[in-house]
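**Student:** Protein sequence lines, in the order shown, are assigned to chains A and B. Here the first sequence is numbered in the working numbering, starting from 1 and rising by one per residue. Here the second sequence is numbered in the working numbering, starting from 1001 and rising by one per residue. Just so it is clear, CB atoms sit at the ideal spot from N, CA and C, and this is done for glycine as well. I'd like to ask you about the structure that follows.
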Amino acid sequence: MRKIRVLIGKPGLDGHDRGAKVVAAALRDAGMEVIYTGLHQTCEAIVEAAIQEDVDVIGLSILSGAHMTIFPRVLKLLKERKANIPVIGGGIIPQDDVKKLEKMGVKKIFGPGTPTNEIVEWIKNNVGGKNSPGQSTKSKKSRKQK
Amino acid sequence: MDLIKNLLKGDKLSIARVISQVEDDTGYDILDRIYPYTGNAYHIGITGPPGAGKSTLVNAIAKKLLRESYKIGIIAVDPTSPFSGGALLGDRIRMGDLSLQKNVFIRSMATRGSLGGLSKKTKDVALVLDAAGMDYILIETVGVGQVELDIAQVCDTKIVVLVPESGDSIQAMKAGLLEIADIVVVNKGDREGSDSLLIELKFAFDLKPKTGWRVPILKTIATDDSGIDELVKEIGNHKEYLEKSDEIKKLQKMRILNQIHEYIETEIKRHLRETVIDDKELDRYIEKIMERKVSPYKIARKIMENMLKGG
Ligand SMILES: Nc1nc2c(ncn2[C@@H]2O[C@H](COP(=O)(O)OP(=O)(O)O)[C@@H](O)[C@H]2O)c(=O)[nH]1
Ligand SMILES: [Mg+2]
């Protein structure tokens, strides 16, 4: 069976990545391949990494309050590169902003303290190979059916 | 097919997509078709204990080669967890400066159940990068288990990285790591103990019988790019040595032979599992074997004969 590949990124300036690491470890323990790119990543670097790694979903952890600039930027860059990779996020994000972000195309925002198994389940149910970057969406589907 | 055309042009989305197919076992058609475009990349393996600075070194080597206008592919392999089947792939953390470079493609891979330090698919992923026009392919892998065989199967120049705190070099010797080294690097040269490790290693290598290539033992500080010029120069020397002495041909022949064998083995096993052996029949055989009426080998031969007859 195909493995789900996830990129966990920590864009922006805020200084700790404990939350991101906990999520990364939980996804690994759920059998996924997790690419962790470390602290202080630019949106460009995250999008480029996601493309090269051919991940099924990008998860961004943002605690700095910059979510209203970072998410739209990542979505825009993905579009420019014609990479159709779903984006989800976590962090301290006010409910109003959550609604706005989901409208913009962020697939899901997990608030602080979300149990990790909830994130695992969401990914398994919503991305496992269904969405895929680039041109040949077909190939991933056929792989999944195998 | 567009995908292949774009891959050959070096399009990153296409490279990434094809690598996934190769990793997932659905890419053999593509490999058949791109094979004529491969054979141009030079493969460098970097192995050593966890935390030795392999990713940092790969980053430094790649930056140096980039300045010389080469195209670089990087494959960073980390172990799959035997319990969950998942993996945490963190080598990109040390390669932040590189990922946006036009002439660099980085891919993280999990070992996915193979025993050595590399995934079974690493060489096929390297083929994809080769076809995409990379001049150098750097392959990072944790030095454990049967890494010796694995890495020799893929890499032209094999670099073993050690650090003072990774314990005594004797330990590494035992693990066979140094047996495969074409170049030995003592990284974290800023740390205490690096000079004595260097001397110890030089001494150990002086005792080894001299054949063609003399293994250089270098000190680096990967975080400062210190010693990297020297290291890249030695990679070049080793490449030249392999090419001049025709060793490279031998390596290539050995690899092709292994590729053929491995593919056949895998397919036979799959065929056996999926079509040849009927579970119920097998159960009956096992009963008989347990009653000591027949040996497992006799049954195995019988199954084989059936299979070769086209069963
Ligand atoms: N002091 C020192 N630290 C280094 C050096 N090279 C790498 N490191 C650090 O060692 C740690 C592990 O490095 P990494 O490249 O991830 O090691 P790997 O597990 O072998 O890939 C990181 O914190 C690096 O910054 C060095 O030459 N000197
Ligand atoms: Mg590493």
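Is it buried or exposed, residue 1043/B, if we count other Cβ atoms within 10 angstroms and call 16 or more buried?
**Tutor:** Residue 1043/B should be labelled buried.
**Student:** Starting from the beta carbon of residue 38/A, find every residue of chain B whose beta carbon is closer than 9 Å, and list them in chain order.
**Tutor:** Ordered by position in chain B, the residues that pass the 9 Å Cβ test against residue 38/A are 1090, 1092, 1093, 1094, 1096.
**Student:** From the DSSP output, in three-state form, read off residue 132/A for me.
**Tutor:** Note on residue 132/A: pLDDT 41, under 50, position unreliable in the model; the coordinate value appears next. Of the three classes helix, strand and coil, the one that applies to residue 132/A here is coil, per DSSP.
**Student:** Find the residues of chain B that neighbour residue 77/A, judging by a C-beta separation of less than 9 Å, and give them in chain order.
**Tutor:** In chain order: nothing, as chain B lies at least about 11 Å away.
**Student:** Taking only three categories from DSSP, how would you classify residue 1024/B?
**Tutor:** Looking at residue 1024/B - three-state DSSP - the assignment turns out to be coil, as it is neither helix nor strand.
**Student:** Which residue wins for smallest C-alpha separation from residue 1124/B, given the options 1176/B, 1245/B, 1015/B?
**Tutor:** The shortest C-alpha separation from residue 1124/B is found at 1015/B.
**Student:** From residue 117/A to residue 1268/B, what does the alpha carbon distance come to, in whole angstroms?
**Tutor:** In a straight line, the C-alpha of residue 117/A is about 39 Å away from that of residue 1268/B.
**Student:** Quick one: does residue 1293/B have its CB under 8 Å from some CB of chain A?
**Tutor:** No, no contact with chain A.
**Student:** Determine the closest residue to residue 53/A out of 1065/B, 1080/B, 1305/B, 1020/B, with distance taken between C-alpha atoms.
**Tutor:** Of the listed residues, the one whose Cα sits closest to residue 53/A is 1020/B.
**Student:** I want to verify the contact list: residues of chain A whose CB lies under 7 Å from the CB of residue 1020/B, in sequence order.
**Tutor:** Residues of chain A passing the Cβ test: 54.
**Student:** Here's the rule I'm using: 16 or more other beta-carbon atoms within 10 Å means buried, otherwise exposed. How should residue 1054/B be labelled?
**Tutor:** Buried: at least 16 other Cβ atoms inside 10 Å.
**Student:** Taking the alpha-carbon positions, what's the residue 1113/B to residue 1139/B distance?
**Tutor:** Their backbone Cα atoms lie some 18 Å apart in a straight line.
**Student:** Exposed or buried, residue 125/A, counting other C-beta atoms within 10 Å across all chains shown (16 or more means buried)?
**Tutor:** By the 10 Å Cβ count, residue 125/A comes out exposed.
**Student:** Listed in chain order, which residues of the stretch 1046-1064 of chain B have Cβ atoms closer than 9 Å to some Cβ of chain A?
**Tutor:** Answer set for the stretch 1046-1064 of chain B: empty.
**Student:** State yes or no: is the beta carbon of residue 34/A nearer than 8 Å to at least one beta carbon in chain B?
**Tutor:** So, interface residue.
**Student:** So the candidates are 102/A, 122/A, 46/A, 41/A; which of them puts its Cα closest to the Cα of residue 13/A?
**Tutor:** Cα-wise, what sits closest to residue 13/A is 41/A.
**Student:** Return no unless some Cβ of chain A is closer than 8 Å to the Cβ of residue 1086/B.
**Tutor:** Yes, residue 1086/B counts as interfacial toward chain A.
**Student:** Roughly how many whole angstroms lie between the Cα atoms of residue 1199/B and residue 1224/B?
**Tutor:** Rounded to whole angstroms, residue 1199/B to residue 1224/B spans 22 Å at the Cα level.
**Student:** Using the DSSP secondary-structure output, state which residues sit across from residue 1078/B in a beta bridge.
**Tutor:** Answer is 1110/B.
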